[in-house]
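Undergrad: Let me give you the structure first, and then I'll get to my questions.
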Amino acid sequence: MAGWGAVVPAVVAVWAEPFAWWAALTVLFRYLAQVRVERRLHGVRMHPASIRWVMSLVLGMAGGFVASMVLWVLGLAGEGPGVAWAAAVTLVLGWVRSRWMTFAYGAGVVSLASLAAGWFPQGWIPTGWAGFWAGLTHLDVSSMLGAAGVFGVVEGALVAVIGHLWAIPAHLPGRRGGAVGGYLLQQFWVMPAVTTASFLSWPAGAILPGGLAPVPITVGFETAAVARLPRERALASAGMIALFGCILLALAWVARERSALAWVAALFAPVAREWISLWSFRREWSGSPRFAQGPGGIRVLAVVPGSPAAALGLRPGDTVTEVNGREVHSLTSLYEAIRLQPAFVRMEVRDPAGDVRICSRSRYEGEPHLLGVVASPGEEEEVEAQVLTVLGRTFSILSEFLRGRSTRKEPVRGEG
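Structure representation (structure tokens):
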């Protein structure tokens, strides 16, 4: 087996794989979907999809290198075919539901299929499937699940660092009906896993000296922040994901010596990862909404980057109490107060600590009529339907679970 120095060119060589470009384009599609959500909710693109995509690819390469080195040290880099199968299944699952585009799901499904296939007598295998079936039954399940655990730990580290970036402000289903302000958080990465040569390696130079082949693995993160700020929410999720990866790695390691525990590890991978997602959603919604509107002004949910509101120094959590000498208590009153002075705007703003400051600047033709302020929803407002449809049914399922009824309602615009 080649030395550690072969890992670096193998990580770079992943882009010789057509499979890697499929994974990268799938991630790009997800980020383009996020931009569509921003436009539908707020009428503007808050962050370019290209920036999200390029950063995700760069950080994914770095994360894949670290994970591959760890797999190399632990002796888990030998299960190339299984990792490749799991990577392909992960991409397919990601097209069904975005939060399933995480390697733990694909590794769990392939591991369960491999273990189940070993129960079938050879005589039951259809003609022409014998070779495929033999390959499926001889996968190294413990090594594959160990790799999923390592990538889970790396995912947790990435979520801790950038999981809060590009959060989409939205009106989300409240625990007691109506809408509350919150953020949608989604991140995806393509990480190369350096393994032994696999059946998914095309003759394009991807199989390197020493029999190494990089397999592109997609890792995804999806959640929402309602009771906490996006960074706080991302850090909490990062800890749970990293802990999940450590437990899965430990189970896979023990399963190398006790094969009966392979079933436990294989079930744990998708079930525990799904439980983390749904439990963390429910726990977040059980807290007090951080961005619910209250008396005495308009609570700022978010500020459009580069907008007049950003130039004024408004921040999420601030409360706009007065504009151009007039008290404001709704988006309509905010709009009317801004129109009082066509050349400038003067705001009285109270921050979450209760300190009051005055913000003012000149106004110019063509600026947004609400200056780029994304306000928290009022009690009478409903959930934006596009939140539930474009990003998948995660939030719809959660809302039905919490409230016992569907939350699909007519869209309400927060910012024109």
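Residue numbering for the sequence shown follows the UniProt record's numbering, beginning at 1 and increasing consecutively. Glycine included, every Cβ here is placed at the ideal spot set by N, Cα and C.
Pull up the DSSP beta-bridge partners for Cys359, would you.
TA: Cys359 pairs with Met347.
Undergrad: Enumerate, from N- to C-terminal direction, the unbroken beta strand (DSSP E) stretches of 3 or more residues contained entirely within the region 277-354.
TA: If we require 3 residues or more, the beta strand (DSSP E) runs fully inside the region 277-354 come out as 298-303, 319-323, 344-350.
Undergrad: Expressed to the nearest angstrom, what Euclidean distance is found between the alpha-carbon atoms of Ala272 and Arg363?
TA: C-alpha separation (whole angstroms): 52 angstroms.
Undergrad: Going by beta carbon distance, what residues of the same chain come within less than 6 angstroms of Thr319, once the five residues before and after it are set aside?
TA: Taken in chain order, the residues that qualify are Gly297, Arg299, Arg350.
Undergrad: According to DSSP, is Trp15 part of a helix, a strand, or is it coil?
TA: Residue state, collapsed to three classes: helix.
Undergrad: Is the separation between the beta-carbon of Pro169 and that of Gly152 shorter than 8 angstroms?
TA: No.
Undergrad: Check whether the Cβ atoms of Pro216 and Glu38 lie closer than 8 angstroms to each other.
TA: No, Cβ-Cβ distance for Pro216 and Glu38 is not below 8 angstroms.
Undergrad: For my contact list, Pro270 and Glu367 are in at a C-beta cut-off of 8 angstroms; report their separation, rounded to the angstrom.
TA: With 8 angstroms as the limit, Pro270 and Glu367 do not qualify as a contact, their Cβ atoms being about 48 angstroms apart.
Undergrad: Would you call the region 83-96 and the region 215-231 in contact, with 3 or more CB pairs under 8 angstroms?
TA: Judged by Cβ distances under 8 angstroms, the region 83-96 makes contact with the region 215-231, as three or more pairs qualify.
Undergrad: Answer with buried or exposed for Trp95, where buried requires no fewer than 16 other C-beta atoms within 10 angstroms of its C-beta.
TA: When all chains shown are included, Trp95 counts as exposed.
Undergrad: By alpha-carbon positions, which one of Pro305, Met144, Ser56, Met46 ends up nearest to Thr26?
TA: Of the listed residues, the one whose Cα sits closest to Thr26 is Ser56.
Undergrad: From the DSSP output, which residues share a beta bridge with Met191?
TA: Note: Met191 sits in a beta bridge opposite Ile217.
Undergrad: With the cut-off set at 8 angstroms, would you say His164 and Leu145 are in Cβ contact?
TA: Contact: no.
Undergrad: On the DSSP bridge list, what partners appear for Tyr183?
TA: Bridge partners of Tyr183: Pro169, Ala225.
Undergrad: For Ser143 and His47, what's the separation of their Cα atoms in angstroms?
TA: Approximately 39 angstroms, taken between the alpha carbons.
Undergrad: According to DSSP, is Val70 helix, strand or coil?
TA: The answer is helix: DSSP assigns Val70 an H, G or I state.
Undergrad: Is the region 314-333 in contact with the region 344-361, if contact means three or more CB pairs nearer than 8 angstroms?
TA: Contact holds: three or more Cβ-Cβ distances are below 8 angstroms.
Undergrad: Below 8 angstroms on the Cβ atoms is my guess for Ala160 versus Ala234; work out the distance and round it to an integer in Å.
TA: The pair is a contact, with the Cβ atoms about 7 angstroms apart (cut-off 8 angstroms).
Undergrad: When the distance is taken between beta carbons, is Arg361 closer than 8 angstroms to Leu312?
TA: Yes, the pair counts as a contact, with Cβ atoms nearer than the cut-off.
Undergrad: Provide the residue(s) that pair with Ala375 in DSSP beta bridges, ordered along the chain.
TA: Val300.
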